[in-house]
Ligand SMILES: C[S@@+](CC[C@H](N)C(=O)[O-])C[C@H]1O[C@@H](n2cnc3c(N)ncnc32)[C@H](O)[C@@H]1O
């Protein structure tokens, strides 16, 4: 455990913000979603708002496909180019990247399009939606040479975008509610610092051990269960077709529900007039996500490339994520007017966009062997079926003419 004074002070700032929020709440408890939101996105002290966030291959807490070189962004750019052609080379064509991290993916996409498709580049409006002020600054630095604009999703007018909304590893970073089953009933997991409310039951089963003390020896946060904070939690299972019957699910089963993802998708669907929504992330269909054997959910924390499942340590210094329920995105999307275009895995998606040819070309290149080996390793990582290659790629559309909708997207083509 780190004990550097500056680090302890930073953890203590987030801790204070969380404790104040809990004390100010009517029942001195907050939902896990509120806890996660503050720990990650508190405007000054949250993981993504402070300088704590470290994304990168070396020395980071985690890395994404964009940290493995330009190939990922370039292959996505090839897909966007085809979307532009399908939409009749619309001018402008907006690419709205949501949750752009360090801006590395944007720089790869923009460089590639500028060089290889100047006509598309000229028609392009590249917009970034980024919640973290720190990362937004880093993006602005990195992308100075490109015509990029930044805004909040809510600021985009309704039905105004022709183009594609896309994200890589955004949805897993949205705050999730946690729930547990007690005597067949759905109960929500709240976070508090004391457990004196009669409606609350302290969760101290072996399934959810008491969190370890924080490094500054502040009192620990405690989990308690209570009535769901919103009827949306129960309705979610109707949406995704999961019956939480006690015959199937054991007492103490626990998992997450990403209501923020539904809110996010509603806004995206409303802002899109004509085009696509492309979502890349790790996750499962609901039947796998809520498999009764996955009895402790998918919540994971990332700290210095190590992962564990305790969100109550390293507060504000570690990433907290949960897998994405793609069934929820598909079904909620349909309710919001989005049509399902296709769902595939990142490995297949990138292969159909030409990753295999890139691998084959490496042997004809003249760079130093160490560089070529590194690139080959990176390409393999992007399609690794036990890693990034197993990520889900969901494409939805809105407002396409019949003839446009009938054109298969390159990345979704089924291999012969
Ligand atoms: C795990 S990082 C992914 C970064 C990047 N897409 C990549 O491929 O490296 C999640 C990103 O989403 C941003 N984010 C989280 N919630 C957001 C929201 N509601 N709106 C916009 N950005 C958000 C975070 O600040 C961060 O930039």
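Residue numbers (the numbering used here): 1 to 416. Even for Gly, the Cβ is constructed at its ideal location relative to N, Cα and C. Predicted model only: the values in this text are computed from it and were never measured.
By DSSP's assignment, residue 339 forms a beta bridge with 397.
DSSP places residue 125 inside the beta strand (DSSP E), whose first and last residues are 124 to 129. Here residue 101 really is in contact with residue 66; their C-beta atoms are around 7 Å apart, less than 8 Å.
A Cβ-Cβ distance of about 6 Å is found for the pair residue 280 and residue 346, placing them in contact under the 8 Å criterion.
Unbroken alpha helix (DSSP H) stretches of 4 residues or longer found wholly inside the region 16 to 76: 32 to 41, given in chain order. Within 10 angstroms of the beta-carbon of residue 370 lie fewer than 16 other beta-carbons, which makes it exposed.
Between the beta-carbon of residue 106 and that of residue 239 there is about 32 Å, and that puts the pair past the 8 Å contact cut. Closest by C-alpha distance to residue 311, out of 118, 175, 241, is 175. In the DSSP annotation of this structure, the continuous segment of the alpha helix (DSSP H) that includes residue 268 starts and ends at 259 to 271. Collapsing the DSSP output to three states places residue 407 in coil. Taking a C-beta distance under 8 Å as the contact criterion, residue 126 and residue 92 do not qualify as a contact pair.
The three-state reading of DSSP puts residue 107 in helix, counting H, G and I together.
In the DSSP assignment, residue 349 falls within the alpha helix (DSSP H) that extends over 346 to 352. In the DSSP annotation of this structure, the continuous segment of the alpha helix (DSSP H) that includes residue 357 starts and ends at 355 to 361. As for any beta strand (DSSP E) of minimum length 3 sitting wholly inside the region 125 to 168, the runs are 148 to 150, 161 to 168, ordered along the chain. Looking only at 124, 68, 367, the smallest Cα-Cα distance to residue 382 is reached by 68. Going by C-alpha positions, residue 139 is about 20 Å away from residue 164. Taking C-beta atoms under 8 Å as the contact rule, residue 226 and residue 187 qualify, at a distance of about 7 Å. Here residue 293 carries a coil assignment [DSSP, helix/strand/coil]. For residue 55, the distance from the CB to the nearest heavy atom of ligand 1 is below 7 Å. If you check the C-beta of residue 173 against ligand 1, you find a heavy atom less than 7 Å away.
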